[in-house]
């Protein structure tokens, strides 16, 4: 009988094993490094797999990526070639990411940090507020996560635009695409949200040259960056310098070049930075395992796996 | 020719006069106390009018309430009887209130204050997060504002219920009504949002006896109060005491018994209180005046005024 294995060295595996056993009661569920007989293993679910682990399963049929970004699997230099890799596309995870994006866009729009400072000083201080429709939120990356966040932001009243590799058609969202669309996209964006997949093309994309092209006409007094994509997409020295010289007004960051963020980073205590510990959209074992079990059931019935990673694009 | 007057002693009148002249270019627009000949005045728009001012206009035909709550007008002991009072029902104001409610529900749900504290200490500290669907938000008051907030919270994934004087039918929102429905409403509510109109029946309704009936089964560890209604609806000593003994976990307050909130109030520096200076939903002169001018144009054509206050209900 074929077995299933979790390869998640940086996570506690017990809740995952228990959730998978619940989602697929007849499955033989294991967790690396206690993999048992490697010939049994037909399916692996992974996050940051160590080199040579996935490779050691000779009868592996499919790999599931636990988490929205598949870069954590693709960076395994010994990744077995030719196997289908399924991206977890889970409504629960999508919803959590949209919560994060809507929350932090609203915090900037409603100037919550300014209100926090007034409260801390004991000062009753109102100020003129703008309408959501006076702000344009630009989302880089219009995949499942970006499209859901875009729809919810539009419903809250913001003007929303998106930028992606290829043009997308999302109701109420102005779409820009490719290198040739980037300038126009940035020039009209007041709050920039990054939800890009981590690929060679997006590495370091959030840098001074890009920030300098953002709109400076919005009612906040300067552009805002929200990065819930990947830390390798941002130049953290540029972010700090741009906050200092006014190229950026403020930033909310969930991801960092090095995680946990080193204590020496100037981001920790910058008054206009809100940072969260890579917690924008947690993978919840119950719903993720239900999704994985459903895909395996399809596959064993001879139906195609869904939501496959395109290895050429890298996401 | 008939004239229009603003009676807003606590607001700067210049932006309102200018917005109204733009919305109704042929109107003779004045601002108290420079009212000119009182016989000219056919329409008044007011917020906290001093006694005897509205009464002094012998040919007044209608009164417009600037702001969502009409209690600011009804408390005028010399309010002329028998005149139509129009409640401002403006999509811009509704949208701003929903921004505030969605923002503060999300801040509690995503434990933003805990994350703020970790950042201030320089500690990278994730924690288990729950899904929006694990929380039930209960909205007291399902008028225009409550219904819009309810729809947007449901769209974000929260379970939403509402309590109002009479049962309401809002898609995706469980409706409870009247004194007989209050217990069941509170027992299932994790985050309580107050958007009630200020009437004799709702005075002091947010007190210890009510907080004690809220759900204690939710994932946050205790119930949360968000009041964006009116300060006279809340017992502030009860709120502080309930935060201390665990009857409430946290509170976000936009309104207070006395505004500005006195420096002596313990709410200012309570670590689990977020307070804002009655700024949840500002009245924006441009959109409000366009609404008022539109109603006057209808009225002068012989059409009925819309959104009239029911003086018996008090809202």
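Residue numbers (the numbering used here), protein chains in the order written: chain A, 684 to 998; chain B, 684 to 998. Don't be surprised by glycine CBs; every beta carbon is placed ideally from N, CA and C. Source: prediction; values computed, not measured.
- In this structure the segment 787-799 of chain A does not lie against the segment 878-896 of chain A, because fewer than three pairs of beta carbons, one per stretch, are closer than 8 Å.
- If you check the CB distance, residue 740 of chain B and residue 713 of chain B do not come in under 8 Å.
- By the rule that beta-carbons nearer than 8 Å mark a contact, residue 838 of chain B touches chain A.
- With distances taken between CA atoms, residue 934 of chain B lies nearest to B/792 out of B/782, B/743, B/691 and B/792.
- Counting only the Cα atoms, residue 956 of chain B lies some 12 Å from residue 924 of chain B.
- Shown here is that no member of the segment 852-879 of chain B has a Cβ falling below 8 Å from a Cβ of chain A.
- With at least 16 other beta carbons inside 10 angstroms of its own, residue 868 of chain A counts as buried.
- When only Cα atoms are considered, residue 729 of chain B and residue 853 of chain B end up about 31 Å apart.
- The C-beta distance from residue 959 of chain B to residue 903 of chain A rounds to 18 Å, too long to meet the 8 Å contact threshold.
- With contact defined as three or more Cβ pairs closer than 8 Å, the segment 853-866 of chain A and the segment 800-812 of chain B are not in contact.
- With a threshold of 8 Å between beta carbons, residue 995 of chain A makes no contact with chain B.
- Scanning the segment 732-770 of chain A for uninterrupted beta strand (DSSP E) segments of 3 residues or longer gives 745-748 and 768-770, listed from N- to C-terminal end.
- No Cβ-Cβ contact shorter than 8 Å links residue 906 of chain B with residue 926 of chain B.
- Straight across, the Cα-Cα distance linking residue 694 of chain B with residue 715 of chain B is about 11 Å.
- In the three-state reduction of the DSSP assignment, residue 823 of chain A falls in the strand class, which pools E and B.
- Runs of alpha helix (DSSP H) with 4 or more residues, each lying fully within the segment 949-976 of chain B, are absent.
- For residue 775 of chain A, the chain B residues whose Cβ falls inside 8 Å of its Cβ are 814, in order along the chain.
- Annotated three-state conformation of residue 831 of chain B is helix, per DSSP.
- The C-beta distance from residue 732 of chain A to residue 690 of chain A rounds to 4 Å, short enough to meet the 8 Å contact threshold.
- The beta carbons of residue 829 of chain A and residue 816 of chain A sit about 20 Å from each other, so the pair does not count as a contact at 8 Å.
- Taking residue 758 of chain B as reference, the option from B/719, B/779, B/736 and B/742 with the minimal CA-CA separation is B/736.
- Taking the Cβ atoms as the reference, residue 898 of chain A lies roughly 6 Å from residue 871 of chain A, within the contact range of under 8 Å.
- For the pair residue 874 of chain B and residue 796 of chain A, the Cα-to-Cα distance works out to about 22 Å.
- Taking 9 Å as the upper bound on Cβ-Cβ separation, chain A lies near no residue of the segment 722-734 of chain B.
- As summarised for the segment 884-943 of chain A, the continuous alpha helix (DSSP H) elements at least 4 residues long and confined to that stretch are 891-894 and 919-928, given in chain order.
- Listed along chain B, no residue sits closer than 9 Å to residue 845 of chain A by beta-carbon distance, the nearest being about 19 Å off.
- DSSP places residue 711 of chain A within a strand segment (E or B) once states are collapsed to three.
- A check of alpha carbon separations from residue 711 of chain B across B/976, B/997 and B/894 identifies B/976 as the nearest.
- Residues 825, 830, 845, 858 and 860 of the same chain have their beta carbon placed closer than 8 Å to that of residue 851 of chain A, with the five preceding and five following residues left out of the count.
- Only residues of its own chain outside the window of five on either side were considered, and among them none has a CB closer than 8 Å to the CB of residue 995 of chain A.
- Per DSSP, the beta-bridge partners of residue 874 of chain A are A/820 and A/907.
- The beta carbon of residue 702 of chain B lies closer than 7 Å to those of 968, 969 and 972 in the same chain, with the five residues before and after it left out.
- Listed in chain order, the positions of the segment 772-802 of chain B with a beta carbon within less than 8 Å of a beta carbon of chain A are 775, 778, 779, 781, 782, 783, 785, 786, 789, 790, 792, 793, 795, 798, 799, 801 and 802.
- Within chain A, no C-beta atom comes nearer than 9 Å to that of residue 705 of chain B; the closest sits roughly 17 Å away.
- In the DSSP annotation of this structure, residue 989 of chain B is not part of any beta strand (DSSP E), being labelled neither H nor E.
- At a C-beta separation below 8 Å, residue 805 of chain B has these neighbours in chain A: 946, 951 and 952.
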